[in-house]
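**Student:** Questions regarding the structure given below will be posed in turn.
Protein chains: 2
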Amino acid sequence: MSFAVKNLFANLPAGTSGEDSLTLFESPNVKITRIVSLAYSSPAGFWYDQTEDEWVIVLRGGGALEFADGEIVELKAGDYLALPRHVKHRVARTSAETIWLAVQVT
Amino acid sequence: MSFAVKNLFANLPAGTSGEDSLTLFESPNVKITRIVSLAYSSPAGFWYDQTEDEWVIVLRGGGALEFADGEIVELKAGDYLALPRHVKHRVARTSAETIWLAVQVT
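Protein sequence lines correspond, in order, to chains G and Z. End of the first sequence = 106 in our numbering, gap-free, step of one. End of the second sequence = 212 in our numbering, gap-free, step of one.
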């Protein structure tokens, strides 16, 4: 049996703005995604309202999440938090290159 | 609603040997664990033979996994791989401080 080893920090998106998602692992109950945010904000007025619980960690860079009640949560590399399903949130801002790892659980 | 943000690189174990596990997230189908390996090897002859699929990434340091067929997989920071359930493996070695993130999926 041979194992496919890949690197999270390889093949990063080019450019200076936007957001890029890459699925790293997927099973019926779980999806693991690398998200690269380039000086990114969610569109004004947009809220994620997910049907999955999510656990998210910042692995490079930093940013801030905004919640529907107005709370702003600042995140730096290594910071993680759990986002229960249907907790509305958006990306308020990120650094020039922020790498997130997100685990979505159905 | 207030969110508990923690940092993966905080409260690392002291010492120069051994292995430390910390549960970061747990649901009926998924468990996310930080494992800190300090110049660690699994005991000679020991094999993990897990009933869960596992996705694992090295976030700091590096090491090598050994598989029952003799394959050795070297891992450095950022490297990730999926370990299907019941694929027997052990930690062959790690650097002085290796931080793994493991997602176990039932």
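All C-beta atoms, glycine included, are put in the ideal place defined by N, C-alpha and C. These figures come from a predicted structure and were not determined experimentally.
Is G:Arg85 buried or exposed, if buried means 16 or more other CB atoms sit within 10 Å of its CB?
**Tutor:** Classification of G:Arg85: exposed, given that the 10 Å Cβ count is below 16.
**Student:** Give me the Cα-Cα distance between Z:Lys137 and G:Leu101, rounded to the nearest whole angstrom.
**Tutor:** About 15 Å.
**Student:** Which partner residues of G:Thr23 appear in the DSSP bridge assignment?
**Tutor:** Bridge partners of G:Thr23: G:Thr33.
**Student:** Quick one: what's got a C-beta closer than 8 Å to G:Ser41's C-beta in the same chain, skipping five residues either side?
**Tutor:** Here the set comprises Arg90, Val91, Ala92, Arg93 and Thr94.
**Student:** Starting from the C-beta of G:Gln104, find all residues in its chain whose C-beta is less than 6 Å away, skip the five residues before and the five after it, and write them out in chain order.
**Tutor:** Same-chain partners within the cutoff: Lys31, Glu52 and Glu54.
**Student:** With burial defined as no fewer than 16 other Cβ atoms inside 10 Å of the residue's Cβ, what is the status of Z:Asp155: buried or exposed?
**Tutor:** With fewer than 16 other Cβ atoms within 10 Å, it is exposed.
**Student:** Which chain Z residues are close to G:Leu12, counting only those with a beta carbon under 9 Å from its beta carbon?
**Tutor:** Within 9 Å Cβ-Cβ: nothing; G:Leu12 doesn't reach chain Z, min ~11 Å.
**Student:** What are the start and end residues of the beta strand (DSSP E) that includes Z:Asp185?
**Tutor:** Residues Asp185 to Leu189.
**Student:** Taking DSSP's pairing of strands, which residues face G:Phe67 in a bridge?
**Tutor:** Bridge partners of G:Phe67: G:His89.
**Student:** Starting from Z:Leu130, find everything on chain G with Cβ-Cβ shorter than 8 Å and list it in chain order.
**Tutor:** Within 8 Å Cβ-Cβ: Trp55 and Tyr80.
**Student:** Candidates Z:Lys112, Z:Ser123, Z:Leu189 and Z:Glu177: which alpha carbon is nearest Z:Ala145's?
**Tutor:** The residue with the shortest Cα to Cα distance from Z:Ala145 is Z:Ser123.
**Student:** Taking only beta-carbon positions, decide if G:Val36 is within less than 8 Å of chain Z.
**Tutor:** No, G:Val36 does not count as interfacial toward chain Z.
**Student:** State the beta-bridge partners of Z:Trp161 as determined by DSSP.
**Tutor:** Answer by DSSP bridge pairing, in chain order: Z:Ala188 and Z:Val209.
**Student:** For Z:Ser154, which residues does DSSP report across the bridge?
**Tutor:** With the sequence shown as reference, residue 154 of chain Z is identified as Tyr, and Ser is not the correct amino acid for it. In the DSSP output, where bridge partners are listed per residue, Z:Tyr154 has Z:His195.
**Student:** Starting from Z:Val179, trace the beta strand (DSSP E) both ways and give me its first and last residue.
**Tutor:** Ile178 to Lys182 is the span of the beta strand (DSSP E), which, as asked, contains Z:Val179.
**Student:** If we ignore side chains and look at the alpha-carbon of each, how far apart do G:Leu22 and G:Arg34 end up?
**Tutor:** C-alpha separation (whole angstroms): 5 Å.
**Student:** Taking the C-alpha atoms as reference points, what is the distance between Z:Gly121 and Z:Ser143?
**Tutor:** If you take the alpha carbons of Z:Gly121 and Z:Ser143, they lie about 10 Å apart.
**Student:** Is there a Cβ from chain B that is less than 8 Å from the Cβ of Z:Ala110?
**Tutor:** The structure shown contains no chain B; the protein chains it does contain are G and Z.
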